[in-house]
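So this note's numbering is basically just the index in the sequence shown, starting at one, shifted up by 646. Using N, Cα and C, we set each Cβ at its ideal position, and we do this for glycine too. Computed from a prediction, not measured in an experiment: that's the story for all the values here. Here is the structure we will look at.
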Amino acid sequence: MREQWQVMCWKGPRCQLLMEGLVGFLLHPPPVCCIRRPCVWSLCCQSHMGANASGPKVFAPRPKDVVGPREYDIPPRVFHVVRERIPGHLRPPQRVLVDMISGPRIVGGHDAQLGAWPWQVSLQVYQYGVGFKHLCGGSLIDEYSVLTAAHCVRRQMDPYYWRVVIGLHDTSRPERHTVKSSVREILVHSEFRIETFENDIALFKLYKSVSYNDYIQPICLPFVHIHRNINNQTKCFISGWGSISEKGESSPILQEAQVNIIPSDICNGFEWYAGMINNNMFCAGLESGGIDSCQGDSGGPLVCYHLDTSKYYLIGITSFGFGCGRPKLPGIYVRVSQYKKWINFQVNTYAQVS
């Protein structure tokens, strides 16, 4: 018997009705059809029954080809976006609803050179009978602090079960310069919402300060309006140990890939994410797909090189996306410049009490 899910829709602004039997979305809690904010994840549907239909219940099979936030093993939430399964002329705006998350490596990338990204961090969680295992990426921003995605820690907030590995290139063979550090405290943004991935940012505080060398260096935080200086000529990169293909295997060697920052008005377009991207997020990748972050890359850095200062800046934190490397469905990243005050407050407050 095929698994069935109930979707309830009604007439409203910018909302059509779902074609019966075409696709199903799971909304948890109870299924509804959100029209506008504060319902961030909206479902707009279309039906041959016309615009006056009042609220049919539609049953459809659950989509099977969905990947959610970019982490391993801990079940996050799964995003259901109807796209390929609906004919183009009937295709509704893409709206993402949240179900159970599965765990995101760089798709379309290649092996990074040793020491190329000295701020790249592997966040590893302890598993009984296994030991420490890579779960998410992170970025070293000073000798005590690592930035990552809040959803990485939603199932394990106890610092005791985490360790931070810095200066790592090959997860199967740590080098002499690799540093493993215990975690003293995990600070999650107070307004983080797993249902929408808003404010998906967290800070790991280390027990001991890290000494810098050729393989361990902090990444610069962006100035407030840095996005105004980013264009098609700006070189931006993602890196991580995540999957190299959707639902594929990961590589022990750190991967890197160059990506384009996609303007939000394009990424919010009808055939893209249809209004889902707010001012605290942005999209990066290629319109044609093929290059993207994936499972295991969550929390890792998206950095851009600024010609005027000759420095790299942490522009984004890998957050989530639909699948990996799909056309017009690029990865979605936390816009770090929007959180400078939060970051500085956490870093400075911790420094005062340490």
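Please give the ranges of any beta strand (DSSP E) in the segment 773-839, keeping only runs that are unbroken, at least 3 residues long and fully inside the region. Here the runs fully enclosed are 777-788, 791-794, 808-812, 825-834.
Contact between the segment 761-772 and the segment 862-874: three or more CB pairs below 8 Å? Two segments are said to touch when three or more pairs of C-beta atoms, one from each, lie closer than 8 Å; by this definition the segment 761-772 touches the segment 862-874.
Since Y958 sits in a beta bridge, which residues does DSSP pair it with? Within the sequence shown, the letter at position 312 stands for residue 958. Paired residue(s): Y951.
For F928, write down the residues that DSSP places opposite it in a beta bridge. Reading the sequence shown from its first residue, position 282 is the one you call residue 928. Answer by DSSP bridge pairing, in chain order: Y979.
What do you get for H815, buried or exposed, if any count of 16 or more other CB atoms within 10 angstroms of its CB means buried? Translated into positions along the sequence shown, residue 815 becomes position 169. Buried, because 16 or more other Cβ atoms sit within 10 Å of the Cβ of H815.
Decide if the segment 977-989 is in contact with the segment 871-883; the criterion is three or more beta carbon pairs, one per stretch, under 8 Å apart. Segments in contact, yes.
First and last residue of the uninterrupted beta strand (DSSP E) at C882: Reading the sequence shown from its first residue, position 236 is the one you call residue 882. Per DSSP, C882 is one residue of the beta strand (DSSP E) stretching across 882-886.
Within 8 Å, do at least three Cβ pairs link the segment 788-806 to the segment 911-923? Contact fails: fewer than three Cβ-Cβ distances are below 8 Å.
Three or more C-beta pairs below 8 Å linking the segment 826-837 and the segment 952-964: Touching, no, given that fewer than three Cβ pairs across the two stretches are closer than 8 Å.
Rounded to whole angstroms, what is the Cα-Cα separation between S855 and G977? Position 209 of the sequence shown, counted from the first residue, corresponds to residue 855. Position 331 of the sequence shown, counted from the first residue, corresponds to residue 977. Near 32 Å, if we compare the C-alpha coordinates of G977 and S855.
CA-CA distance, Y774 and L781? Position 128 of the sequence shown, counted from the start, is the residue given in the question as residue 774. Position 135 of the sequence shown, counted from the start, is the residue given in the question as residue 781. If I take the Cα positions, the gap works out to 15 Å.
Assigned secondary structure, F850 (DSSP; H/G/I helix, E/B strand, else coil): Within the sequence shown, residue 850 is the residue found at index 204, counting from 1. In this structure, F850 counts as strand in the three-state DSSP scheme.
Chain B contact for A795 (CB, 8 Å cutoff): In summary, chain B is missing from the structure at hand, where a single protein chain is found.
Nearest by alpha-carbon distance to L975: which of E837, M922, Q802 is it? The sequence position of residue 975 within the sequence shown is 329, counting from 1. Selected option, being the one with the closest Cα: M922.
What's the C-alpha gap between D846 and L786? As a working mapping, residue 846 is identified with position 200 in the sequence shown. As a working mapping, residue 786 is identified with position 140 in the sequence shown. Taking the straight line from one Cα to the other gives about 17 Å.
Output the boundary residues of the beta strand (DSSP E) element that contains I907. Within the sequence shown, residue 907 is the residue found at index 261, counting from 1. Per DSSP, the unbroken beta strand (DSSP E) holding I907 starts and ends at 901-908.
For D757, count the other beta carbons within 10 Å of its own beta carbon; 16 or more makes it buried, fewer makes it exposed. Which is it? One-based indexing of the sequence shown puts residue 757 at position 111. With fewer than 16 other CB atoms across the displayed protein chains lying within 10 angstroms of its CB, D757 is exposed.
Residues sharing a beta bridge with L769, DSSP: As a working note, residue 769 is residue 123 in the sequence shown. Looking at the DSSP output, L769 sits in a beta bridge with C782, V810.
With DSSP as the reference, label D911 as helix, strand or coil. Within the sequence shown, residue 911 is the residue found at index 265, counting from 1. Helix at D911.
Going by C-alpha distance, which of A930, E895, E892 is nearest I908? The sequence position of residue 908 within the sequence shown is 262, counting from 1. That would be A930, whose Cα lies nearest to the Cα of I908.
Counting Cβ pairs closer than 8 Å, one from the segment 962-970 and one from the segment 925-940, do we hit at least three? Using a C-beta cut-off of 8 Å, the segment 962-970 makes contact with the segment 925-940, since at least three inter-stretch Cβ pairs fall below that distance.
Less than 6 Å between C-beta atoms, sequence neighbours within five positions excluded: which residues of the same chain meet that for Y772? Walking along the sequence shown from the start, residue 772 turns up at place 126. Excluding the 5 residues flanking it on each side, Y772 has same chain C-beta neighbours closer than 6 Å at F778, Y807, in chain order.
Following a CB-centred definition, is N906 positioned closer than 7 Å to any heavy atom of the ligand SAM? Absence of the ligand SAM from the depicted structure is noted, as is the absence of any ligand whatsoever, leaving it without description.
Please return the same chain residues whose Cβ sits closer than 8 Å to the Cβ of S897, not counting the five positions on each side in sequence. For the purposes of this step, residue 897 is identified with residue 251 of the sequence shown, where counting begins at 1. R751, D757, W887, I890.
Distance CB(R809)-CB(Q759) smaller than 8 Å: Within the sequence shown, residue 809 is the residue found at index 163, counting from 1. Within the sequence shown, residue 759 is the residue found at index 113, counting from 1. Contact: no.
Using the DSSP secondary-structure output, state which residues sit across from H756 in a beta bridge. Taking the first residue of the sequence shown as 1, we reach residue 756 at position 110. In the DSSP output, where bridge partners are listed per residue, H756 has E902.
Check this for me: beta carbons of I876 and S939, under 8 Å apart or not? Stepping through the sequence shown from its first residue, residue 876 is reached at position 230. Stepping through the sequence shown from its first residue, residue 939 is reached at position 293. Taking 8 Å as the cut-off, the beta carbon of I876 is found no closer than this to the beta carbon of S939.
With a 10 Å radius around its C-beta and 16 neighbouring C-beta atoms as the bar for buried, classify Y853 as buried or exposed. Sequence index remark: in the sequence shown, residue 853 carries index 207 (1-based). Exposed, because fewer than 16 other Cβ atoms sit within 10 Å of the Cβ of Y853.
Beta-carbon within less than 6 Å of T880's beta-carbon, same chain only, minus the 5 sequence neighbours each way: which residues are those? Taking the first residue of the sequence shown as 1, we reach residue 880 at position 234. The beta carbon of T880 lies closer than 6 Å to those of C950 in the same chain, with the five residues before and after it left out.
Going by DSSP, what residues sit across from I876 in a beta bridge? Position 230 of the sequence shown, counted from the first residue, corresponds to residue 876. The bridge partners DSSP lists for I876 come to none.
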